[in-house]
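Numbering (numbering that gives the first Met the number 0), first residue to last: 0 to 198. Each residue gets a CB set at the ideal place from its N, CA and C atoms; glycine is no exception.
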Amino acid sequence: MSLILYCRSVPPVQETSEILNLPFRIVSEDFILVKEMEGVFGTFFVSEDNKQSDVQLELVIREESQRPLRNICYSLLGLTMLYYGSMETSSELNISYMAKNGSLVMKSLKNLETKESIWAPMPFYIGTGSTLAAPLFNSNRYPSHLRKYCLEENPGNMRSIFEQSKEQNCQEYSNFIKLLFLQNQDQIRQTLSSIQEHL
0 MSLILYCRSV
10 PPVQETSEIL
20 NLPFRIVSED
30 FILVKEMEGV
40 FGTFFVSEDN
50 KQSDVQLELV
60 IREESQRPLR
70 NICYSLLGLT
80 MLYYGSMETS
90 SELNISYMAK
100 NGSLVMKSLK
110 NLETKESIWA
120 PMPFYIGTGS
130 TLAAPLFNSN
140 RYPSHLRKYC
150 LEENPGNMRS
160 IFEQSKEQNC
170 QEYSNFIKLL
180 FLQNQDQIRQ
190 TLSSIQEHL
């Protein structure tokens, strides 16, 4: 029953209905980054006046933590009948493009944070025990790990069996990127809108 009755939560975010229509093309070695940016923020197109208006993106994941001590405290508050897990990250989005005067412009959006948690009711002591063990068994859920075995390497047969397949890694990494954009959309939207002034 505890496998069915669970709740995944994230801080409240509102998907804006405002669609950006910006005269440049987003490019990156990370195709998921491009796909999710277009999904969250709207469409990008290359203008007839400037067909070389490419904006290069690079995502650097700086910190990842499952916050084990805090999770254990939450589990104990649930009288050991609560499994509580979380994942928090801090990332940096590097943006570069050629301005119309020929100079290279580089911007960096720092401290882009994501927060996500999951909890489930369990029998006495099992909840806290599961919370204690979770960081050991969920190390493959770190976004950097998901990206590695989605974009950089194939997981191999044994890793696919004991962890998950390449497709599952890509799906979870895609979910992380979307969450990153949604939880930091105001800052990213403002930066994207300001780029067109320099092209």
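Reduced DSSP category for Pro120 - H, G, I as helix; E, B as strand; rest coil: Position 121 of the sequence shown, counting from 1, holds the residue named residue 120. Residue state, collapsed to three classes: strand.
Paired residues, beta bridge with Ser89 - DSSP: For the purposes of this step, residue 89 is taken as the residue at position 90 of the sequence shown. Paired residue(s): Glu62 and Glu112.
Let me check one thing: in DSSP terms, what residues is Val54 bridge-paired to? Position 55 of the sequence shown, counted from the first residue, corresponds to residue 54. Looking at the DSSP assignment, Val54 forms a beta bridge with Ile25 and Tyr96.
Please state whether the Cβ-Cβ distance between Gly41 and Leu19 is less than 8 Å.
Your numbering for residue 41 matches position 42 in the sequence shown. Your numbering for residue 19 matches position 20 in the sequence shown. A contact, by the Cβ cut-off of 8 Å.
In this structure, does DSSP put Tyr172 in helix, strand or coil? Translated into the one-based positions of the sequence shown, residue 172 becomes position 173. Three-state result, Tyr172: helix.
Identify which residue in Asp29, Pro22 and Ile25 has its Cα closest to the Cα of Tyr148. Counting from 1 along the sequence shown, the entry for residue 148 is found at position 149. Among Asp29, Pro22 and Ile25, the Cα nearest to that of Tyr148 is on Asp29.
To the nearest angstrom, how far is the alpha carbon of Leu75 from that of Ser90?
Taking the sequence shown and counting its residues from 1, the one referred to as residue 75 is at position 76. Taking the sequence shown and counting its residues from 1, the one referred to as residue 90 is at position 91. The alpha-carbon of Leu75 is positioned some 31 Å away from that of Ser90.
Just the C-alpha distance for Lys204 and Gly126, rounded to the nearest angstrom, thanks.
No information on residue 204 is available, as it lies outside the stretch 0 to 198 that the chain covers here.
task: With distances taken Cα to Cα, identify the nearest neighbour of Gly84 among Asn100, Ser129, Lys34 and Gln186.
output: Residue mapping note: residue 84 aligns to position 85 of the sequence shown, counting from 1. It is Ser129 whose Cα lies nearest to the Cα of Gly84.
Self-check item: Arg140: first and last residue of the uninterrupted alpha helix (DSSP H) it sits in
Solution: Translated into the one-based positions of the sequence shown, residue 140 becomes position 141. Run containing Arg140: none; DSSP gives neither H nor E here.
Measure from the alpha carbon of Ser116 to the alpha carbon of each residue in Met105, Asn100, Val26 and Asn70, then state which is nearest. Walking along the sequence shown from the start, residue 116 turns up at place 117. Among Met105, Asn100, Val26 and Asn70, the Cα nearest to that of Ser116 is on Asn70.
- Query: Start and end of the alpha helix (DSSP H) containing Asn70?
  - Reply: Translated into the one-based positions of the sequence shown, residue 70 becomes position 71. Run containing Asn70: Pro67 to Leu76, per the alpha helix (DSSP H) assignment.
* Asked: DSSP state of Ser107, grouped into three classes?
  -> Counting from one through the sequence shown, the residue named residue 107 turns up at place 108. Reduced to three states, the DSSP call for Ser107 is strand.
Query raised in the report: Can you tell me the Cα-Cα spacing of Ser102 and Asn139, whole angstroms?
Result: As a first step, residue 102 must be located in the sequence shown, where it is residue number 103. As a first step, residue 139 must be located in the sequence shown, where it is residue number 140. Going by the C-alpha atoms only, they are around 41 Å apart.
Note to self: Would Ile31 and Ser164 qualify as a contact pair, given that the criterion is a beta-carbon distance under 8 Å?
What the structure shows: Within the sequence shown, residue 31 is the residue found at index 32, counting from 1. Within the sequence shown, residue 164 is the residue found at index 165, counting from 1. It is not a contact, given that the beta carbons lie outside the stated cut-off.
Residues near Leu143 by beta carbon distance below 8 Å, same chain, minus five either side
Position 144 of the sequence shown, counted from the first residue, corresponds to residue 143. According to the sequence provided, residue 143 is Ser. The question's Leu does not apply to it. The beta carbon of Ser143 sits closer than 8 Å to those of Ile60 and Glu63, all from its chain and outside the five residues before and after it, given in chain order.
If you draw a straight line from the alpha carbon of Val33 to that of Pro134, how long is it in whole angstroms? Residue mapping note: residue 33 aligns to position 34 of the sequence shown, counting from 1. Residue mapping note: residue 134 aligns to position 135 of the sequence shown, counting from 1. C-alpha separation (whole angstroms): 30 Å.
- prompt: Can you name, in chain order, every residue of its own chain whose Cβ lies under 7 Å from the Cβ of Ile3, other than the five neighbours on each side?
  reply: Here residue 3 refers to the residue found at position 4 when the sequence shown is read from its first residue. Summary for Ile3: the model assigns pLDDT 39, below 50, so the residue's position carries little reliability; its value from the coordinates is reported in the next sentence. Contacts found: none.
Quiz item: Quick one: what's Tyr83 bridged to in DSSP?
Solution: In the sequence shown, counting from the first residue as 1, residue 83 sits at position 84. In the DSSP output, where bridge partners are listed per residue, Tyr83 has Trp118.
* Asked: Three-state secondary structure (DSSP) at Pro134?
  -> What you label residue 134 is simply residue 135 of the sequence shown in a count that begins at 1. If DSSP states are grouped into helix, strand and coil, Pro134 belongs with the helices.
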